[in-house]
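**Q** Each residue of the sequence shown is one higher than the one before, starting from 0 at the first, in numbering that gives the first Met the number 0. The beta-carbon is built from N, C-alpha and C at its ideal position, and this holds for glycine as well. There's a structure below that I have some questions on.
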Amino acid sequence: MGKELFGTLRGNSREVLDKFTVYLPKKHGRGGQSKLRFDRLRMESRHNYVRKAAELAIKHFIDPAGIPNVAGLILAGSANIKTELSQSNLFDPRLQSKVLKVVDISCGGEIGFNQAIELSSEVLSSVKFIQERRLIGIFLEEISLDSGKFVYGLEDTVKALEIGAVKTLIVWEDLDINRGFGGIGGILHYQLDVGSFDEPDAYEDYSE
Numbered sequence: 000m001g002k003e004l005f006g007t008l009r010g011n012s013r014e015v016l017d018k019f020t021v022y023l024p025k026k027h028g029r030g031g032q033s034k035l036r037f038d039r040l041r042m043e044s045r046h047n048y049v050r051k052a053a054e055l056a057i058k059h060f061i062d063p064a065g066i067p068n069v070a071g072l073i074l075a076g077s078a079n080i081k082t083e084l085s086q087s088n089l090f091d092p093r094l095q096s097k098v099l100k101v102v103d104i105s106c107g108g109e110i111g112f113n114q115a116i117e118l119s120s121e122v123l124s125s126v127k128f129i130q131e132r133r134l135i136g137i138f139l140e141e142i143s144l145d146s147g148k149f150v151y152g153l154e155d156t157v158k159a160l161e162i163g164a165v166k167t168l169i170v171w172e173d174l175d176i177n178r179g180f181g182g183i184g185g186i187l188h189y190q191l192d193v194g195s196f197d198e199p200d201a202y203e204d205y206s207e
């Protein structure tokens, strides 16, 4: 019996996206024609299992624009079919390049999902660190260019949020950068003069 589950991890939030169960015949001990027929059926079942898993991976992890919507993928399972999937030509190359780790787990379903996360905690932490560094780099670049597409400090950031100008909200914890920017800031959708917030009708001007 093969149990497949697709889920995401965002911060500390875990979400199950999809799951299905497929019967996978075990190896047949007898010889003769029956063994050949059984082996063929077994291979077909495994192929269909991998194909369905690959199709659902595209459905859940590639957006309508054809771009992966995840920073990385963990493939987990109690048998070698997870390795078959990672090496199969049915597995989309855009997702193959996102595979961070292949791990062995003792069971399937949501228990196996949680176990896979625990076994991959180190590599997942590395991905999170890289994402955070990249985000801060973009924020600092906007400031160095004086593009006007940034905001920092609690008051200005809250006002930018109220008019829907914030593309990415950034909250710093235990970082040196925290002292210089008030612990909160954001990358904006468009150029914005935060000084105009105190002027009459400023909100109407930017919300048109």
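(1) According to DSSP, what are the bridge partners of Phe149?
(2) Taking buried to mean at least 16 other C-beta atoms within 10 Å of its own C-beta, is Ile73 buried or exposed?
(3) Over what stretch of residues does the alpha helix (DSSP H) that includes Gly108 continue unbroken?
(4) Hey, would you say Val102 sits closer than 7 Å to Leu118, going by beta carbons?
(5) With a cut-off of 8 Å on the beta carbons, I'd call Gly185 and Thr167 a contact; round off their distance for me.
(6) Which whole-angstrom value describes the C-beta separation of Leu94 and Ala56, a residue pair presumed to lie in contact below a C-beta threshold of 8 Å?
(7) Can you check DSSP and say which residues form a bridge with Phe90?
(8) If you count every other CB in all the chains shown that lies within 10 Å of the CB of Gln216, and 16 or more means buried, which is it?
(9) Out of curiosity, what's the CA-to-CA distance linking Leu134 and Lys100?
(10) With Arg39 and Leu89 assumed to form a contact (beta carbons below 8 Å), what rounded beta-carbon distance in angstroms separates them?
(11) Taking the beta strand (DSSP E) that Asp192 falls in, what are its first and last residues?
(12) Pull up the distance between the alpha-carbon of Val126 and that of Phe37, whole angstroms please.
(13) Within 7 Å (strictly less), CB to CB, does Ser44 reach chain D?
(14) Can you look up Ala75 in the DSSP assignment and give me helix, strand or coil?
(15) Buried or exposed: Arg13, going by 16 or more other Cβ atoms within 10 Å of its Cβ?
(16) Check Gly136 in the structure and name its three-state DSSP category.
(17) Is it the case that the Cβ atoms of Gly152 and Gln190 are separated by a distance below 7 Å?
**A** So, to answer that:
(1) Paired residue(s): Ile186.
(2) buried
(3) 108 to 118
(4) yes
(5) 6 Å
(6) Rounded to whole angstroms, the Cβ separation of Leu94 and Ala56 is 6 Å, and the two are in contact under 8 Å.
(7) Checking the DSSP bridge columns, you'll see Phe90 has no partner listed.
(8) Absent from the structure is residue 216, since the part of the chain shown begins at 0 and ends at 207.
(9) CA-to-CA, the gap between Leu134 and Lys100 works out to about 24 Å.
(10) In fact, because the Cβ distance is near 19 Å, the residues do not count as touching under 8 Å.
(11) Per DSSP, Asp192 belongs to no beta strand (DSSP E) and is neither H nor E.
(12) If I take the Cα positions, the gap works out to 43 Å.
(13) Among the protein chains of the structure shown there is no chain D, as only one such chain exists.
(14) strand
(15) exposed
(16) DSSP places Gly136 in helix when its eight states are reduced to three.
(17) no
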